[in-house]
Amino acid sequence: MELNKVKKEGDIIVKGARVHNLKNVTVSFPRNKLIVVTGVSGSGKSSLTIDTLYAEGQRKYAESLSAYARQFLNRMNKPDVDYIKGLCPAIAIEQKVITRTPRSTVGTMTEIYDYLRLLFARVGSTISPISGQEVRKDDIGDVIEALKKLNQGDKVFILVKFKQHQNREVREELNILMQKGFSRIAVDEEGEEGMAVKRIEELLELDDAALRKEVPAAKSKQGNRVYILIDRLVVKDFDEDDLHRLSDSVGTAFYEGEGDVYAEVIPQKGKKKLLHFNNRFELDGMVFEEPQPNLFSFNNPLGACPTCEGFSLVLGIDEDLVIPDKRLSVFEGAVAPWKGEKLGKWKDYFIRHASKDGFPIHKPIADLTKEQYNYLWKTPGGINDFFKEVEQNLYKVQYRVLLSRYRGRTTCPDCNGYRLRKEALYVKVGGKHIGELCEMPAKDLKAWFDKLKLSAHKQEVAKRILIEIHSRLDTLIKVGLGYLTMNRVANTLSGGESQRIQLTRSLGSNLTDSLYILDEPSIGLHSRDTDNLIKVLKELRDLNNTVVVVEHDEMMMRQADHIIDMGPLASHLGGEVVAEGDYKTLIKNPQSLTGKYLSGALSIVPPKTVRKWTRSIIVEGARHNNLKDITVEFPLNVLCVVSGVSGSGKTTLVKQILYPALQKIKGEFTGEKVGFHKAIKGDVDSIQQIELIDQNPIGKSSRSNPVTYIKAYDEIRDLFAKQPLSKMRGFQPKHFSFNVDGGRCDTCKGEGEQVIEMQFLADVHLVCESCVGKRFKDEVLEVQVNGKNIHDVLEMSVDEAIEFFAPISDAIAKAIQPLSDVGLGYIKLGQSSDTLSGGEAQRVKLASFLGKGRNSNKILFIFDEPTTGLHFHDIKKLLASFDALIEQGHSIIVIEHNTDVIKSADWLIDLGPEAGDGGGAVVFAGKPADIKKVKESHTAKYL
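Taking the UniProt record's numbering, I'd label the letters of the sequence shown as residues 1 to 943.
(1) If you draw a straight line from the C-alpha of asparagine 491 to the C-alpha of serine 104, how long is it?
(2) If you draw a straight line from the C-alpha of aspartate 248 to the C-alpha of phenylalanine 182, how long is it?
(3) State the Cα-Cα distance for the pair leucine 636 and lysine 858, rounded to the nearest angstrom.
(4) To the nearest angstrom, report how far apart glycine 595 and glutamate 497 are at their CA atoms.
(5) Check the C-beta distance from lysine 85 over to isoleucine 13 and give it rounded, since I have them as a contact under 8 Å.
(6) Whose CA, out of Thr110, Val19, Asn151, lies closest to the CA of arginine 500?
(7) Which of the three DSSP states, helix, strand or coil, is assigned to methionine 758?
(8) For the stretch 111-119 and the stretch 526-541, state whether three or more C-beta atom pairs, one from each stretch, are separated by less than 8 Å.
(9) Could you work out which residue in Gln398, Pro697, Arg352 is closest to proline 337 when comparing CA atoms only?
(10) Whole angstroms is fine: what's the gap from leucine 598's alpha carbon to aspartate 694's?
(11) Quick check on the burial criterion: 16 or more other C-beta atoms within 10 angstroms. Buried or exposed for lysine 655?
(12) Do residue 947 and arginine 407 have their C-beta atoms within less than 8 Å of each other?
(13) If we ignore side chains and look at the alpha-carbon of each, how far apart do arginine 18 and asparagine 24 end up?
(14) For the beta strand (DSSP E) holding isoleucine 618, just list the boundary residues, first then last.
(15) With DSSP as the reference, label arginine 212 as helix, strand or coil.
(16) Mind checking whether leucine 586 and aspartate 561 have CB atoms under 8 Å apart?
(17) Within the same chain, show all residues whose beta-carbon is closer than 8 Å to that of valine 226, passing over the 5 residues directly before and after it, in chain order.
(18) Measuring straight from C-alpha to C-alpha, what distance separates isoleucine 127 and tyrosine 426?
(19) If we count Cβ pairs, one from each stretch, closer than 8 Å, do we get three or more for the stretch 876-888 versus the stretch 714-725?
(20) Can you tell me whether DSSP reads tyrosine 113 as helix, strand or coil?
(21) For arginine 184, report the span of its beta strand (DSSP E) as first-last.
(22) Since asparagine 278 sits in a beta bridge, which residues does DSSP pair it with?
(23) Taking the alpha helix (DSSP H) that proline 706 belongs to, which residues open and close that run?
(24) Which value, in whole angstroms, describes the spacing of the CA atoms of residue 951 and glutamate 668?
(25) So, at 7 Å on beta carbons, what are the nonlocal neighbours of tyrosine 83 in its own chain, with the 5 sequence-adjacent residues on each side left out?
(26) Give the list of continuous beta strand (DSSP E) stretches no shorter than 3 residues that lie fully inside the stretch 459-524.
(27) Tell me the rounded alpha-carbon separation between cysteine 745 and tyrosine 61.
(28) Under 6 Å Cβ to Cβ from aspartate 864, same chain only, skipping five residues before and after it: list those, please.
(29) What are the residues that DSSP puts in a beta bridge with glutamate 566?
(30) Contact defined as beta carbons within less than 8 Å: I believe alanine 304 pairs with arginine 419. What is the distance between those atoms, to the nearest angstrom?
(31) Near leucine 658, what residues of its chain come up, given a Cβ to Cβ distance below 6 Å and the 5 sequence neighbours on each side ignored?
(32) Determine contact between the stretch 822-841 and the stretch 570-583, defined as no fewer than three beta-carbon pairs at a distance below 8 Å.
(33) Just to confirm, is the Cβ distance from isoleucine 35 to leucine 518 under 8 Å?
(34) Measuring CA to CA, which of Ile365, Gln268, Lys584 is closest to glutamate 332?
(35) Going along the chain, which residues of its own chain have a beta-carbon closer than 8 Å to the beta-carbon of glycine 382, five neighbours each way excluded?
(36) Is arginine 212 closer than 8 Å to valine 143 when the C-beta atoms are compared?
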């Protein structure tokens, strides 16, 4: 039967895809449906979706660009596919952990901050810090509006002040005015009739004495004022010609009066009045910056705080170094520098005075109220005064040493961490400046915008901006990130949070008739939040978009309109479509590995017995971010899992308190700030090393790859250097390295590609023309082991390489084996680290530890969501790797949402019950089987 007849008209049809390990795949994606592509890791899901569908979508988009851009993009490789029919514009949201710069925040990444900047620039009111009044400037329109409101028949003189130049006589000034085309001046003589108008021509005919009498000096002390008459008129219903003339006159007046314009109104009844307009932005003797979007950008010199340059932190006195142990009171010596005979006098002085003021000198610092803590720093004779005195004595070496001991990164004192110059913070909308809005969690910010009242004019100006802000905040809340503030720095986010922020940015644009390809959007989501995410994806589908999701999540599969199962296994044993259809069809298909796990024919069985533990590490009084002063015990030598809804405080507890605090104790401190807690107790000495295995990329450059990271490449190079041809040509192991000159291609320096900078578009990576992407010189590539050269070996998948090397070199096969054990049998040995997903990078790190075998050091491993990107089948392998590490005597703490991992834990710590302010408490700690009894635990419901 012909493929096209079977498939519905308009579906996206991929015919003969052979990218990477795909075996001539032909498959159809039904249009405007939610489609899940699943299968074991490395079965070809990303090859089909990202590398084929999305790449072809991008290439077609490139064809629509200008000739200039196309001359580079023409060389974009066409994916290896016969054809793709019915393709629409494609957007891909990948799993890479995005930027790690300290300038990147949640607000800038979701573009919400860009719209806030626009909102403040368009409708913000600048409020003077002196009088609290709004700063305004008048323009031509304001003057005309004011004149239109006068009574019909009123006479109006439009005037500017007559200014006499220091070195000029009155006669000279009048001559200059004549040359400029002005013919009259007006002198304000007290009286009801208004100004006395005088012709300049007639005045110039008078002698000097008479002229001085007629035109009193501008600097005279009498109340007389001299003005230049720009125009005069009678108020009526102005027609278009009148308005043109009036605009010209007012414009001239603003120019001639250097920003000040006066209008004298002589009404038919009543007193005359003088109206004053100015187009300078000033009040209370201060000149203010006019709002414009860049004034609110901390990445722009115009808006950034000059002290911290927009980073919010400066080098100052670090409170954590001054008071390192917050369990102590002032009396017990909590203030570290107040020690010794000389400096101890500061402590004695403070204690004497503080007790009079009712300050609790015996109370631990951690338990002080905010007011009491401020008193300790700011009172006369407090810590701030102490450091002022130190700074005055910096010419003495001991004071310089003392000061250096307590310096660290602290909040900028000038902008209070808002990152912006003070002029930007004078501008307010709804009574708040932009920095205050960025401190609110997204859900509170949304509530604030819902209540925001603007004048009719401002509402009209801000209409479009507010729609964009609302839609993005809505999406952020729906994908379970309502607890994040806009000023939260990007590098403090978990992998799952970063991906959902990218999702918010893409969904915020509300495109229709497009193809969205998402690479595991449920990463880092608790099952409760996955529910909300599915709703968002369905909304996206209902806007007439085709949504393709690469996913292993069971809930996502149940809700999908169509499932494509790739397999049957990974790498060269995968690359085929095993099954397609809806959830029910998949379960019935005997070929589908995924179907077997979904139907329960195969499952991840929790261990029969839970390991007992005797040793543990205890974090006392943790209250960083949203943690509510909790004490948590982490058992050692077992698999301990920390769970809870997204934003409940897992990352804060494990990555921002436990990990840096242990590093500090071990003397391996990296300068990360340790989150606020009282103490770390327990068997800290039984651990020699702490390893955090998160989703950050392995290696810093594109040269880094799995085989070099696990240190197996050295063996491979040695093997090639021992070949007879190598010996004849004098090749050493270094000739088989792409990191040093010798054997590598000279054109691309062993990169295999050249990067062309595209100015305003993303850089384009093109295959090197000299080595055609093979990285090495031809003479090096002629050296072979069993018919394979060094490039062929780097192109092998891990599983293929193990098969290939097993008969040749047991050492190499064993060195590579751990990559297969952690479920990475499908990745290429020489795959560039920047093409690995967050989850893959994490498992490469895990493999590098498995490969070290019985390490005499007892290591505490901390894993941040290691099941990222794993199929049920691979989670089984991962749990086996964990068991292997524990058997070697190591300890493991895992932050995880995956129910299979939670069930397999020896000890479970569940945080929550909700996210943000509603979280931060320990809901449960114990054996996973016992959590069922805890009603408020969201984790319990999904187990």
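Virtual Cβ for every residue (Gly too), placed ideally from N, Cα, C. The structure displayed is predicted, hence computed values, not measured ones.
Taking the coordinates as given:
(1) 8 Å
(2) 14 Å
(3) 10 Å
(4) 29 Å
(5) 4 Å
(6) Thr110
(7) coil
(8) no
(9) Gln398
(10) 28 Å
(11) buried
(12) With the chain covering only 1 through 943, there is no way to say anything about residue 947.
(13) 5 Å
(14) 616-622
(15) helix
(16) no
(17) Lys161, Phe162, Ile185, Ala186, Val187, Asp188, Val215, Pro216, Ala218
(18) 5 Å
(19) no
(20) helix
(21) 184-188
(22) Asp260
(23) 706-709
(24) For the chain, the structure presents residues 1 to 943; residue 951 sits outside this window and is missing.
(25) Lys15
(26) 515-519
(27) 33 Å
(28) Asp694, Ile895
(29) A quick correction: the sequence has methionine, not glutamate, at residue 566. Per DSSP, Gly39, Val577.
(30) 7 Å
(31) Val619
(32) yes
(33) no
(34) Ile365
(35) Phe350, Tyr375, Leu376
(36) no
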